[in-house]
Amino acid sequence: MENYSYIETRKVFSRLGFALTFSILSVNVVQLIVAGFMSAVDPNLLMTDWANFFLIAVSFYLIGFPLAYCMMKKIPVAVSQEKKRLTLWQLVEYGLISYAVMILLNFLTTFLLSFIELFKTESIVNPVQQVILTGSPWLSLLCIVVLSPIIEELLFRKILLDRVRIYGDKVAIIFTAIAFGFYHGNLSQLFYAVGLGIILAYIVLKTNQLKYSIGIHMFVNAMGSLILPMLIGDGSDLLRAQIASVIVVILITFGTILIIKNRKKVELVQGDLTIPESKLMQLVWLNHGVFAYLLFSIALIIMVTVVT
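What follows is the structure in C-alpha cells.
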C-alpha cells in the first residue's frame with residue numbers, strides 16, 4: 271500500500287494538471303467561438319489590428335487565467351519566505367542569460383520547423399510572429415510586452431510555483447517551466463518558453479519576488495516583438511538589419527558567457543517534502559491531471575503544426 275503522503279502529492283499535481291487543462295481548453299474554445307462570431311458578423315473583423323488582442327484578452331486574461339486560479343486556490347501554498355533583492359548588475363545578468371537562452375532555443379526550433387516543412391506544402395505559421403507583423407506596435411506593447419508577462423508570471427511563477435515549491439526547487443522549476451512551455455500550444459514557442467520558464471522560476475525561488483521575473487519577461491518580449499522589429503523595419507534597409515543582427519549577436523555572446531561563468535553557482539534547495547527519484551514520474555507526471563494536460567497540449571501543438 272502506498273504511503274499516504276505519496277497519495278496526497280499525486281492528488282496535488284493532478285489537481286494542478288486539471289486546472290491547467292481546463293484553462294488551456296477554455297482559452298482555445300473561447301477563441302474559436304469569438305472568432306466564429308466575429309467572422310459571422312463581418313469576415314473583415316478578423317483582419318483588423320485589434321482582433322488578435324481582443325481574442326487573447328477575452329480568452330486568456332478574462333477566462334483562462336481566472337479559471338486556473340479558481341481551480342488552484344484551495345491547494346495549500348508554501349510558507350512565505352524572506353524577500354531578497356537583486357542588484358542592478360544581477361538583474362542585467364539574468365536578463366542577458368534569459369535572452370541568450372531564448373534566442374539559442376529559438377534557433378533550435380527554427381531548424382526543427384524547417385525540417386518539418388520539408389514534408390508540408392506550406393510554411394508553419396508562428397502565431398506570435400503573425401501578430402507582430404500584422405498588428406499595431408501599440409497593441410504589441412500593451413498585449414505582448416505588458417499584459418501577457420504580468421498574467422503569465424502570476425499564473426506560473428506565483429500561483430503554480432507557490433503550490434509546488436514545497437517539493438524542492440528542482441521539481442518546482444522543471445514542473446512550472448514545462449507547464450509554461452506547453453501552455454503556449456504551438457511548437458514555435460515551446461522550447462524557448464520552457465528554457466525561459468526555468469530561469470524565471472529560479473529567480474523567483476531565489477528572491478521570493480515576482481517583480482524581477484515580470485521585468486525580465488517584459489524585456490525579452492519587448493526585444494522580440496517591439497524593439498528589433500522597429501529597428502529592422504520592413505527589411506529593405508540593409509544597414510538597419512545588420513545593426514539589429516549585431517545587437518542580437520552581442521547579447522547572445524554576453525549571455526552565453528554569463529551562463530558558463532555562473533553555472534556552478536546555481537543552488538537548488540531541498541523541499542520540506544522530498545519526492546524520491548523512483549516516484550518522481552509516477553507522482554508528478556503520470557497522474558490523471560498532468561497527463562491530461564500534456565496530452566491535450568501535445569495534440570494542440572500537432573494540430574497547429576500540421577494544419578497551419
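Residues in the sequence shown are numbered consecutively from 271, following my numbering. Glycine included, every Cβ here is placed at the ideal spot set by N, Cα and C.
Three-state class that DSSP yields for residue 503 in the structure shown: coil
Please report how far the alpha carbon of residue 335 lies from the alpha carbon of residue 509, in whole angstroms. 42 Å
I think residue 553 touches residue 276, with their Cβ atoms under 8 Å apart; what is that distance to the nearest whole Å? 6 Å
From residue 543 to residue 440, what does the alpha carbon distance come to, in whole angstroms? 12 Å
Below 8 Å CB to CB, which residues in the same chain sit around residue 501 once its five sequence neighbours on both sides are set aside? 510, 513, 514 and 517
Anyone know if the C-beta pair for residue 411 and residue 496 falls short of 7 Å? yes
With a 10 Å radius around its C-beta and 16 neighbouring C-beta atoms as the bar for buried, classify residue 285 as buried or exposed. buried
Return helix, strand or coil for residue 272, following the three-state DSSP convention. Summary for residue 272: the model assigns pLDDT 46, below 50, so the residue's position carries little reliability; its value from the coordinates is reported in the next sentence. In this structure, residue 272 counts as coil in the three-state DSSP scheme.
Looking at the structure shown, is residue 547 part of a helix, part of a strand, or coil, going by DSSP? helix
So residue 416 and residue 488 are in contact, right, with Cβ under 8 Å, and what is the actual spacing, rounded? 7 Å
Per DSSP, what kind of secondary structure is residue 306 in: helix, strand or coil? helix
Within the chosen definition, does the stretch 459 to 479 reach the stretch 298 to 310 through at least 3 CB pairs nearer than 8 Å? no
When 306, 338 and 353 are compared against residue 481, the one with the closest alpha-carbon: 353
What span of residues does the alpha helix (DSSP H) with residue 387 cover, start to end? 358 to 387
Is residue 346 helix, strand or coil when you go by DSSP? coil
Going by DSSP in three states, residue 355 sits in which element: helix, strand or coil? coil
6 Å CB neighbourhood of residue 373 in its chain, flanking five on each side removed: 522
Give me, in chain order, the residues of the same chain whose beta-carbon lies closer than 8 Å to that of residue 498; leave out the 5 immediate sequence neighbours on both sides. 514, 517 and 518
Is the separation between the beta-carbon of residue 427 and that of residue 474 shorter than 7 Å? yes
Is residue 298 helix, strand or coil when you go by DSSP? helix
For the putative contact between residue 319 and residue 406, defined by C-beta atoms under 8 Å, what is the C-beta separation to the nearest angstrom? 4 Å
Spatial neighbours of residue 365 within its chain, please: CB distance less than 6 Å, with the 5 preceding and 5 following residues excluded, ordered by chain position. 486 and 489
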